[in-house]
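Undergrad:
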Amino acid sequence: MDYTPQNKQDRQKMLEALGIKSEDELFDAIPADVRAKHLNISGNQTEQELLKYFKNLAAKNKTLTSFRGAGIYDHFIPSLVSEVTSRSEFWTAYTPYQAEASQGTLQAIFEYQSMICALTGMDTSNASLYDGATAVAEAALLAMRVSGKNRILISSGVHPEYIKTVKTYLQNLDVKIVLLDISPNGSIEKATVDAALDDNTAAVIVQSPNYFGVVENMQVLSSAAKENNVLFTAVVNPLSLAVFQAPGEYGADIAVGEGQPLGIPASAGGANIGFMAVRKGLEWKMPGRIVGQTIDKNGKRGFVLTLQSREQHIRREKATSNICTNASLNALAACVYLSGWGNEGLKKLADTNMSKAGYAFHKIKNIDGFKAKFENSIFFNEFVIETTKNIKKIDKNLIKNGILGPLDLSNHGKQFKNCLLFCVTEQRTKSEIDKLIELLAKA
Amino acid sequence: MNIPQDLKYTKTHEWVKIEGNKATIGITDFAQHEITDVVHVELPENGKNVKKAQPTAVIESVKSAFDIYSPLTGKITAVNEEALGDPGLINQDPYGKGFLFTVEFSDNNELSDLLSAEDYKQLI
Amino acid sequence: MEKLLNELSSECKAAYEINCDMETDVSIPDHLKRKSDLGLPNAAENDLLRHFTNLSRKNYALSTAFYPLGSCTMKYNPLINERIAKFESFNMAHPYQPAETMQGILEIMHGLERDLCEVSGMDAFSLQPAAGAHGEFAGLLIIAAHFKAIKEKRHKIIVPDSAHGTNPASAAFAGYETIPLKSEPDGSIDIEKLKEVLTKDVAAIMLTVPNTLGVFEKEIVEISKVCHENGTLLYYDGANLNALMGFARPGDLGFDVMHINLHKTFSSPHGGGGPGSGPVGVKSFLEQFLPVPRVEKKDEKYVLNYKKSKTIGSVKAFMGNFPVILRAYIYIKALGGDGLKNVSAQAVLNANYMLAKFKDKIAVPAGGRCMHEFVLSPKAANGIRTLDIAKRLLDYGYYAPTVYFPLIVEEAMMIEPTETESKETLDKFIEILNKIIFEEAVNEPQKVKDAPVNTPVARLNEVEAARKPTLKWK
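Protein sequence lines, in the order shown, are assigned to chains P, Z and R.
Note that the numbering used here numbers the first sequence so that position 17 is 77, with each residue one more than the last.
Note that the numbering used here numbers the second sequence so that position 63 is 105, with each residue one more than the last.
Note that the numbering used here numbers the third sequence so that position 307 is 308, with each residue one more than the last.
1. What are the boundary residues of the beta strand (DSSP E) that includes histidine 82 (chain Z)?
2. Give a yes or no on whether the C-beta atoms belonging to histidine 147 (chain R) and alanine 326 (chain P) are separated by under 7 Å.
3. Would alanine 329 (chain R) and leucine 263 (chain R) be called neighbours here (beta carbons separated by less than 7 Å)?
4. Please classify methionine 110 (chain R): is it buried, with 16 or more other beta-carbons within 10 angstroms of its beta-carbon, or exposed?
5. Check the Cβ of arginine 375 (chain P) against every Cβ in chain Z and list those closer than 7 Å, keeping chain order.
6. Alpha carbon to alpha carbon, what distance is there between methionine 414 (chain R) and proline 402 (chain R)?
7. What three-state label does DSSP hand glycine 192 (chain P) in the structure shown?
8. Nearest chain P C-beta to glutamate 420 (chain R) closer than 7 Å, yes or no?
9. Please say whether phenylalanine 267 (chain R) and tyrosine 1 (chain R) have beta carbons closer to each other than 7 Å?
10. So, for proline 130 (chain R): in the same chain, excluding its five sequence neighbours on each side, which residues have a beta-carbon less than 6 Å away from its beta-carbon?
11. Measuring CB atoms only, is the segment 53-69 of chain Z touching the segment 112-126 of chain Z, in the sense that at least three cross pairs come out at less than 8 Å?
12. Give the residues of chain R in contact with leucine 469 (chain P), contact being defined as C-beta atoms less than 7 Å apart.
13. Between glycine 166 (chain R) and leucine 408 (chain R), what straight-line distance do the alpha-carbon atoms span, to the nearest angstrom?
14. Show which residues of chain Z have a CB atom less than 8 Å away from the CB atom of glutamine 368 (chain P).
15. Specify the secondary structure class of threonine 419 (chain R) as computed by DSSP and reduced to three states.
16. Where DSSP assigns a beta bridge to glutamine 267 (chain P), which residues make up the other side?
17. Could you check where the beta strand (DSSP E) with tyrosine 236 (chain R) kicks off and where it finishes?
18. Under 7 Å Cβ-Cβ, which residues of chain R neighbour alanine 178 (chain P)?
19. In the DSSP assignment, what residue or residues form a beta bridge with asparagine 88 (chain Z)?
20. Per the DSSP calculation, serine 185 (chain P) is bridged to which residue(s)?
21. For the segment 25-92 of chain R, which segments carrying the beta strand (DSSP E) assignment without a break, of at least 3 residues, lie completely within its bounds, in sequence order?
22. Taking buried to mean at least 16 other C-beta atoms within 10 Å of its own C-beta, is lysine 183 (chain R) buried or exposed?
23. Measure the alpha-carbon distance for alanine 145 (chain R) versus valine 338 (chain P) and round it to whole angstroms.
24. What residue range does the beta strand (DSSP E) around asparagine 306 (chain R) cover?
25. Measuring alpha carbon to alpha carbon, tell me which of R:Phe174, R:Asp428, R:Met372, R:Gly272 ends up nearest serine 388 (chain P).
26. Taking Cβ to Cβ, would you say leucine 141 (chain R) is nearer than 7 Å to serine 163 (chain R)?
27. Note down the Cα distance separating glutamate 83 (chain R) from lysine 265 (chain R), rounded to an integer number of angstroms.
28. Under a CB-based cut-off of 7 Å, is serine 72 (chain R) close to chain P?
29. For glycine 473 (chain P), which option in P:Asp241, P:Gln173, P:Glu83 has the closest C-alpha, if you only look at C-alpha atoms?
30. Helix, strand or coil, according to DSSP, for arginine 328 (chain R) in the structure here?
31. For a contact defined as C-beta to C-beta under 9 Å, what are the partners of tryptophan 344 (chain P) on chain Z?
32. Helix or strand or just coil, what does DSSP make of glutamate 102 (chain Z)?
33. Could you compute how far the alpha carbon of glutamate 404 (chain P) sits from the alpha carbon of aspartate 411 (chain P)?
34. Going by DSSP, what residues sit across from proline 161 (chain R) in a beta bridge?
35. Would you say glutamate 160 (chain P) reaches chain R, if we count a Cβ-Cβ gap shorter than 7 Å as a contact?
36. Three or more beta-carbon pairs under 8 Å between the segment 441-449 of chain P and the segment 84-94 of chain P, yes or no?
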């Protein structure tokens with residue numbers, strides 16, 4: 061199959077219109093000695109054959125009952141989300157450059173921006189970025205651009221792949237990245253931030269709940285940064301904001317995070333959506349697309365891409381970012397997802413995550429050979445348990461029982477030797493959690 | 043095209059009004075026409091030291107952005123706060139309410155590089 | 002006019018519900034609690050379905066009409082890709098589940114890397130970058146890592162003025178100074194002008210082949226030679242790969258690093274502006290710098306390797322945009338090598354067929370032949386501008402071509418038909434575009450200036466949108 065609709069006669073007519081015998085003549089400009097030889101790529105399958113071929117490949121993956129989070133979460137996706145994102149008018153459209161012909165995408169992004177602002181308590185959201193990791197890196201760049209300073213303090217409780225991405229992004233720029241250690245109770249202390257701040261610091265970046273599930277005292281950390289005129293960047297789980305203090309409430313300058321919990325499938329870690337929202341005054345410095353409301357020449361409300369002079373197609377090397385895509389279809393998914401819960405529904409969803417994770421936490425830490433790593437900390441739907449048991453064996457046994465167990469944190473330094481990161485979302489039933497507990501008890 | 047006689051000009055389409063050791067700077071009527079509707083302005087911080095021919099401000103239209111160069115070396119002593127909130131002033135009144143910033147200049151020799159209204163008229 | 006969600010919001014029951022089968026005491030201390038209202042809308046499922054369905058009908062899309070958007074390769078997005086991408090064992094997978102439980106996913110990634118190497122003539126690919134500009138950025142970091150490793154200080158990147166805006170922006174973010182190179186009227190490179198800027202501190206030159214005017218760079222072998230003799234690497238912007246498959250491979254042309262837009266050449270849908278995927282490919286001497294994790298095959302098993310000592314790091318979290326990667330692989334398995342070659346042949350034939358119908362009447366800065374796309378410089382009567390023509394096309398149900406790009410062409414209109422449009426579709430579009438330029442602009446110019454009138458909204462006030470930004474619900 062190759063999806064070219066022309067039949068032989070049409071192709072012949074087109075060649076004749078050009079006065080040539082074969083398409084090959086159109087490639088005359090390519091020097092003979094660098095012409096490609098036959099491409100050795102298998103294929104030429106019909107739709108029916110493809111379906112079989114990929115069913116076989118799909119069967120080589122195991123679908124597991126997940127107790128693993130660490131940045132990608134198993135949340136329920138309501139039917140409405142996939143119904144809307146499956147409409148070809150959305151998924152086969154391009155970036156909404158011609159506004160009059162793209163009002164669907166534009167209004168949906170405007171609504172997405174509005175709900176990201178509502179959730180984070182911030183003033184302005186962009187139309188989204190690639191993922192949580194790149195959103196953190198872009199936040200660091202934004203802070204440097206605004207402050208003219210080049211030292212970034214980043215909590216070691218930020219997702220390790222996000223930290224890695226920040227380092228990758230900034231590797232050729234004149235910037236110093238300082239990692240802030242987390243205390244034995246799993247969170248960042250104000251004193252740690254105070255001690256690390258100096259006149260050249262552009263931003264303090266803290267994640268809450270952090271990678272180890274612990275909810276940080278963001279109010280105190282944000283104040284510490286602001287007292288020193290340093291931009292405070294919050295990396296947050298959007299669902300947790302239904303019940304936990306929002307970045308806007310504690311005075312964050314920039315709020316970023318991974319939007320995957322908002323109705324987007326795990327898909328092996330992609331495609332995701334990074335969100336970014338800022339306080340008033342930073343919107344012209346923000347990277348990424350932004351949709352704004354305006355009126356048409358008849359006075360009718362409409363939406364356009366706006367503040368565009370920040371972008372690469374205009375600013376070229378002086379742009380606020382090199383990116384020109386957002387994660388539009390996932391922004392649509394997040395928009396549909398958030399619009400259907402209502403305030404009470406989203407709170408109940410967050411509470412349910414906490415209840416289920418709390419139940420699992422109390423049961424697991426009381427199993428012989430298991431104990432809470434951060435006993436008195438507050439968490440959302442993830443927590444760390446230390447164990448004396450053989451982690452590899454536990455993992456294998458759980459997989460055998462169709463369960464994707466907790467993540468082994470042994471690679472995260474001495475502090476996390478023999479530690480496991482559990483995640484329990486609203487998707488897990490009591491009987492699934494009880495089965496996990498039973499298997500752990502037997503380990 | 044309005045080119046006031048009493049002002050000095052640059053090849054990059056800024057106008058300069060000299061008063062003592064201070065110079066007020068904006069963009070010319072010709073420039074605001076070319077740029078079309080100004081939607082956003084970025085101005086330097088008050089007190090900042092600037093160098094001649096260095097990008098000092100940015101003027102943005104819907105589809106473009108333009109660097110504005112300081113014609114003189116010196117220190118910024120005033121910026122047009124009003125234009126920040128109402129960038130359309132630069133289109134409506136480029137030589138008045140749409141000025142950009144004032145520089146206390148430090149090198150009198152640089153003044154001789156500025157163009158007269160006649161020279162500027164020739165240029166455009 | 003479609004209401005906004007907050008205007009639609011009412012006291013009704015919300016669309017979704019959750020039951021909790023356990024009660025645990027999990028009180029949140031007051032100082033960590035959210036105090037402010039959530040401010041989300043409240044709407045029933047029925048109303049939301051209508052809202053979003055109505056919104057979708059305000060979009061022009063590839064599934065509603067021809068989308069001749071130059072540089073964007075708006076080819077048909079096969080439905081079988083969507084069907085397979087919905088398989089649970091693909092979209093429920095967790096990135097940190099053990100490799101042995103996602104062999105299918107890793108096999109697909111490995112297979113795609115191999116096929117991309119074959120199409121492009123590169124030796125290795127990383128599928129991690131999430132879009133073209135992201136792949137470009139990764140590629141430039143790889144170039145920087147290379148020069149660091151061989152201890153050469155080079156801080157400049159040459160970018161022709163006809164290039165995509167992402168090129169200079171990516172170079173700046175990778176820490177480079179951009180040196181613009183003036184291109185010829187047809188967008189090609191003059192070797193003598195290149196030599197003038199090709200100093201010892203130039204790390205790389207970024208080229209788009211065919212260039213953004215749709216012309217194959219005839220001197221590419223010579224350019225490659227001159228650059229390599231200077232120790233300068235060649236970067237290939239993969240945006241225009243749809244013109245070359247099976248005819249020329251960037252790797253054979255002398256390119257050292259490149260990215261591919263899977264959402265252009267390999268049929269993954271654009272989704273209204275993402276998510277995309279921009280794999281970065283390199284010649285073997287640069288493979289050690291590719292971002293991690295890499296998918297490797299060991300003893301007939303696929304594994305993820307995060308530990309590569311020379312890697313530039315990671316440009317995003319996890320492995321890459323798998324759903325996009327999967328669709329590209331399904332597409333390749335539908336076509337095979339010969340099918341891909343036929344794609345480029347037909348894409349170039351379609352573009353030339355259209356160009357032939359315009360070239361005697363409308364200015365064409367790059368001459369009468371093109372590759373997969375071409376640029377017109379229509380100067381219609383009565384001061385009708387390219388923007389007006391673009392808006393008028395919307396009235397006829399077409400999405401508009403890319404306008405005012407490349408920057409070096411006055412009143413540019415860039416048309417890329419792709420291979421998946423029939424002759425009838427092309428003929429009809431040619432007829433309409435001619436009608437707008439040569440009949441309507443001449444006889445009814447106001448009609449063109451007032452366009453569009455058949456769209457959900459008329460021309461929008463972009464100046465006010467930017468001067469007094471309203472960026473969320475009031």
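All residues carry an ideal CB built from backbone N, CA and C; glycine is no exception.
TA: Here's the rundown:
1. 82-84
2. no
3. yes
4. buried
5. Ala107
6. 6 Å
7. helix
8. yes
9. A question about residue 1 (chain R) goes unanswered here, because the residues of chain R that appear run from 2 up to 475.
10. Gly136, Ala139, Gly279, Val281, Val316
11. yes
12. In chain order: nothing, as chain R lies at least about 11 Å away.
13. 10 Å
14. Val104, Lys105
15. coil
16. P:Val295
17. 234-238
18. Leu39, Gly40, Leu41
19. In the DSSP output, where bridge partners are listed per residue, asparagine 88 (chain Z) has none listed.
20. P:Ala337
21. none
22. exposed
23. 32 Å
24. 302-306
25. R:Gly272
26. no
27. 16 Å
28. no
29. P:Asp241
30. helix
31. His82, Glu84, Glu102
32. strand
33. 10 Å
34. R:Leu182
35. yes
36. no
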